[in-house]
Amino acid sequence: MDILFQYIFNIQVFILVLVVIILKKSIIFVPQNRAFLIERFGKYQSTREAGLNFLVPFIDHIGANRSLKEQAVDVPSQSAITKDNISLSVDGVLFFRVLDPHKATYGIDDYVFAVTQLSQTTMRSELGKMELDKTFEERDVLNTNIVASINEAAGPWGIQVLRYEIKDIVPPTTVMEAMETQMKAERVKRAQILESEGDRQAAINVAEGQKRSVVLKAEAEKEEQVLQAQGEAEAIIAVATAQAEALNRVGEAANTDAGQKAIQLDLATKAIQAKAAIAKESSVVLLPDSGNDAASMVAQAMTIITSLNKK
């Protein structure tokens, strides 16, 4: 009985172990962003993606395990010749991901190595189409052209190149020295241009200031002359007005008896003063026409005034 019991126990253990092995072989868990390629009898059977998957035990097995994440591969430094025959040392970084795990596994032996070599040859080809100055100025265009060329060639491999970035472009030492000399000359040239522009602007400012000064001086002289003329005109008008007012008042006073007597006295006084002045300045002796010469002169003047008043 013990032997029979031991035999049965061994069979149960064997079956249990067999069941565990079968379950282990038939159930697989595929991680996120990965793909398992299943082969049956050495032939591709299917592609299993993330999650729980079942296999036929001892018949199906995992032929390849591919990552679907974006991958970055360092492209080693290499030499390239530009369109103007300048040798450059260029390195970069390639970013790609697997779109079709089946093509990436069965379409090429090592897709990472293949895409790296393809990026190097494509980069040399694209640099050969550009001059040295353009390689520094148009890196974005160069990167875009490299990505387009690689994707065109890597399509059958199930690989998509997302971008290519050039890390460094190193020209020969002699070219670097020539470029530094050129940059120094350009800086000196720009400094001289800026200095000449400053001198020219300063001269223009001085000329504009002098011109403005002359214009302001002429305008000031013009305003001074206008004001002076206006002042003289106003003075003349004021004098004429005063004289007219005086004459009006004299005429009003002359129409009265007192005014007539005042005029007679003024005329007589002026006549006497005039003859006295003539006698003083001249050697000629003036004799009066009559004994009462002053009275006759006053009478004559009054006759003239009376006739004028009548008119």
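Every letter in the sequence shown is one number past the one before it in our numbering, and letter 284, counting from 1, is 271. Each residue gets a CB set at the ideal place from its N, CA and C atoms; glycine is no exception.
In this structure Pro88 is buried. Its beta-carbon is surrounded by 16 or more other beta-carbon atoms within 10 angstroms. Residues Asn20, Arg21, Ala22, Arg84, Val85, Pro88 of the same chain have their beta carbon placed closer than 8 Å to that of Leu55, with the five preceding and five following residues left out of the count. Per DSSP, Leu81 lies in no alpha helix (DSSP H); the unbroken beta strand (DSSP E) holding it starts and ends at 74 to 85. Under DSSP, Glu26 takes part in a beta bridge, and its partners are Tyr31, His48. DSSP places Pro63 in the strand class (E or B) of the three-state scheme.
In the same chain as Ala91, and ignoring 5 residues on each side of it, the C-beta atoms closer than 8 Å to its own belong to Arg53, Val85, Tyr98, Trp144, Gly145, Ile146, in chain order. Membership of Asn40 in the beta strand (DSSP E) is indicated by the continuous run 38 to 41. Short of 7 Å from the beta carbon of Lys70, and not among the five residues preceding or following it, lie these beta carbons of its own chain, in chain order: Gly115, Lys116, Met117, Glu118. When only Cα atoms are considered, Ser112 and Gly29 end up about 40 Å apart. The DSSP-derived three-state label of Ile95 is coil. The same chain holds no residue with a CB closer than 7 Å to that of Arg174 once the five nearest residues on each side in sequence are set aside. Contact between the segment 148 to 163 and the segment 118 to 129 is present, with at least three C-beta pairs closer than 8 Å. Annotation for Leu149: the continuous beta strand (DSSP E) segment containing it runs 146 to 157. Per DSSP, the unbroken alpha helix (DSSP H) holding Asp120 starts and ends at 119 to 124. In this structure, Pro18 is the residue among Glu219, Ala140, Pro18 with its C-alpha nearest to the C-alpha of Gly38. When secondary structure is reduced to three states using DSSP, Gln(-1) falls in the helix class. Listed in chain order, the non-local C-beta contacts of Val43 below 8 Å within the same chain comprise Ser13, Arg27, local neighbours out to five positions each way being set aside. Taking all protein chains shown into account, Leu81 has 16 or more neighbouring C-beta atoms within 10 Å of its C-beta and is therefore buried. Within 10 angstroms of the beta-carbon of Asn192 lie fewer than 16 other beta-carbons, which makes it exposed. Shown here for Ile133: same chain residues with a beta carbon closer than 7 Å to its own, the five before and five after excluded, namely Ser106, Thr109, Met110, Glu113, Tyr151 in chain order. If the five residues before and after Asn40 are omitted, its C-beta is found closer than 7 Å to the C-beta atoms of Ile15, Val17, all from its own chain and listed in chain order. DSSP, reduced to helix, strand and coil, places Gln104 within a helical segment of the structure shown. With respect to the 9 Å criterion, Asn138 and Val128 are not classified as neighbours on the basis of their beta carbons.
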